[in-house]
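First up is the structure itself, then whatever we jot down about it.
In the working numbering, the protein residues as written are 619 to 1037.
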């Protein structure tokens, strides 16, 4: 639980907020990560419980508002709902080629990703939620278990289903969106030679990765193509800003790009030189183009398009605000899970050091790349899930007996019995 708290409930949350704020509001990920870390630190280190109290009150409201907005979008696109459901089932058994930020491939590939994201959304079998439910003031563990089962239902069957349907019915999953990205690891840009392509399951052949010196004329790269979210960036232009932030004075970049062979095509490792040979910091180079979306930016775009004029063309802000409060409340909750675990393993004196590391990891999650953050989160989730599932299997008989005793007591009637 300690390791998993750093990833699943912490770094991934800050990454999602930072990515969303960069996409919708143009706020640098470093700044978002710093503010988020300060807010989380103020609660778990500074004892400022008001932030957590406000968040806990706003999250249910945001959840209801999010579901309502999703239903409105589906109502406006009612004619596309059934075709969307057909697409979901057909793609599960016969996945399409990579599109919309999703890598296509075989059934096992799609099943694996479905299980990963399903576990992440509701934490079923992970053993994290029981830490919170164990602190509930009740004498009936079966009743608390029934309450706990509402979590997976709301998180996955309701919220995630509505989100997926909104993305499909609005059509954004198969389209590209024009955007401007800084050249850093979080933008997750990969350079491949112009004649190459992304294969099934998002695979790029090692020989297709771009390496060496390339010319850029009037912002247009020659000899290489950029890939983001398993798809090539269309109408790519490199822009040169005066400072580290993109400004109105930005102009097309002219010069050379050096991509080190050992970088594996990672564009954030590229070096930029003017036509005269003067090196320019990568922080002053931006990529403009139409790219596929995934994650919260894709959801944001779907709500923006789906709500249209009903939200003044700013339906994406609903997702932005929701992501902020969901992530903040999740990070605060997971710090409690880690607290209880580190106290059990090492005693009270290690709680404060744990919290300090937790806040640092929250900041790092905002500035690291998608691959690093999610790989760490998925790995930690697996490490926590396997031993917990073993414990669940061993306790199955005891839980069954407790449930039967609870039913016999008349406090819970089996399905099909009136009264």
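Backbone N, C-alpha and C fix where the C-beta goes; we use that ideal spot for every residue, glycine too.
Remember, predicted model here, so these are calculated numbers, not experimental data.
Between the CA atoms of residue j and residue i - distance to the nearest angstrom
{"i": "residue 932", "j": "residue 926", "result": "8 Å"}
{"i": "residue 626", "j": "residue 894", "result": "47 Å"}
{"i": "residue 991", "j": "residue 958", "result": "24 Å"}
{"i": "residue 828", "j": "residue 851", "result": "15 Å"}
{"i": "residue 764", "j": "residue 1016", "result": "16 Å"}
{"i": "residue 920", "j": "residue 871", "result": "32 Å"}
{"i": "residue 909", "j": "residue 681", "result": "29 Å"}
{"i": "residue 987", "j": "residue 929", "result": "32 Å"}
{"i": "residue 1007", "j": "residue 879", "result": "43 Å"}
{"i": "residue 890", "j": "residue 839", "result": "12 Å"}
{"i": "residue 703", "j": "residue 732", "result": "16 Å"}
{"i": "residue 699", "j": "residue 758", "result": "41 Å"}
{"i": "residue 820", "j": "residue 855", "result": "23 Å"}
{"i": "residue 960", "j": "residue 684", "result": "35 Å"}
{"i": "residue 884", "j": "residue 837", "result": "19 Å"}
{"i": "residue 771", "j": "residue 804", "result": "32 Å"}
{"i": "residue 918", "j": "residue 901", "result": "26 Å"}
{"i": "residue 659", "j": "residue 810", "result": "41 Å"}
{"i": "residue 762", "j": "residue 1027", "result": "16 Å"}
{"i": "residue 922", "j": "residue 643", "result": "14 Å"}
Neighbour-count burial assignment, residue i, 16 or more Cβ in a 10 Å radius
{"i": "residue 1040", "result": "Within the shown structure, residues of the chain are numbered from 619 to 1037, placing residue 1040 beyond reach of any answer."}
{"i": "residue 619", "result": "buried"}
{"i": "residue 800", "result": "buried"}
{"i": "residue 791", "result": "buried"}
{"i": "residue 779", "result": "exposed"}
{"i": "residue 668", "result": "exposed"}
{"i": "residue 672", "result": "exposed"}
{"i": "residue 979", "result": "buried"}
{"i": "residue 971", "result": "exposed"}
{"i": "residue 712", "result": "exposed"}
{"i": "residue 794", "result": "buried"}
{"i": "residue 977", "result": "buried"}
{"i": "residue 657", "result": "buried"}
{"i": "residue 706", "result": "exposed"}
{"i": "residue 666", "result": "exposed"}
{"i": "residue 966", "result": "exposed"}
{"i": "residue 936", "result": "buried"}
{"i": "residue 1022", "result": "exposed"}
{"i": "residue 853", "result": "exposed"}
Neighbourhood of residue i by C-beta, 8 Å cutoff - its chain only, sequence neighbours within 5 removed
{"i": "residue 798", "result": "857, 864, 904, 905, 906"}
{"i": "residue 750", "result": "951, 954, 955"}
{"i": "residue 695", "result": "787, 788, 924"}
{"i": "residue 769", "result": "740, 741, 747"}
{"i": "residue 730", "result": "none"}
{"i": "residue 823", "result": "814, 817"}
Cβ-Cβ distance between residue i and residue j below 8 Å
{"i": "residue 816", "j": "residue 796", "result": "no"}
{"i": "residue 952", "j": "residue 623", "result": "yes"}
{"i": "residue 945", "j": "residue 650", "result": "no"}
{"i": "residue 692", "j": "residue 787", "result": "yes"}
{"i": "residue 999", "j": "residue 629", "result": "no"}
{"i": "residue 938", "j": "residue 639", "result": "yes"}
{"i": "residue 995", "j": "residue 784", "result": "no"}
{"i": "residue 806", "j": "residue 989", "result": "yes"}
{"i": "residue 886", "j": "residue 802", "result": "yes"}
{"i": "residue 645", "j": "residue 1024", "result": "no"}
{"i": "residue 875", "j": "residue 832", "result": "yes"}
{"i": "residue 688", "j": "residue 781", "result": "yes"}
{"i": "residue 898", "j": "residue 888", "result": "no"}
Neighbourhood of residue i by C-beta distance below 7 Å, restricted to the same chain and skipping five residues each side
{"i": "residue 867", "result": "860"}
{"i": "residue 941", "result": "634, 635, 638, 914"}
{"i": "residue 773", "result": "739, 740"}
{"i": "residue 812", "result": "841, 842, 843"}
{"i": "residue 985", "result": "647, 648, 651, 804"}
{"i": "residue 969", "result": "957, 960, 961"}
{"i": "residue 1020", "result": "759, 760"}
{"i": "residue 756", "result": "762"}
Cβ-based neighbour list, residue i, same chain, cut-off 6 Å, excluding 5 preceding and 5 following
{"i": "residue 814", "result": "826"}
{"i": "residue 1039", "result": "A question about residue 1039 goes unanswered here, because the residues of the chain that appear run from 619 up to 1037."}
Touch test, the segment 736-751 against the segment 999-1019, Cβ-Cβ under 8 Å, three pairs minimum: Taking a cut-off of 8 Å on C-beta distances, the segment 736-751 touches the segment 999-1019, as three or more cross pairs fall below it.
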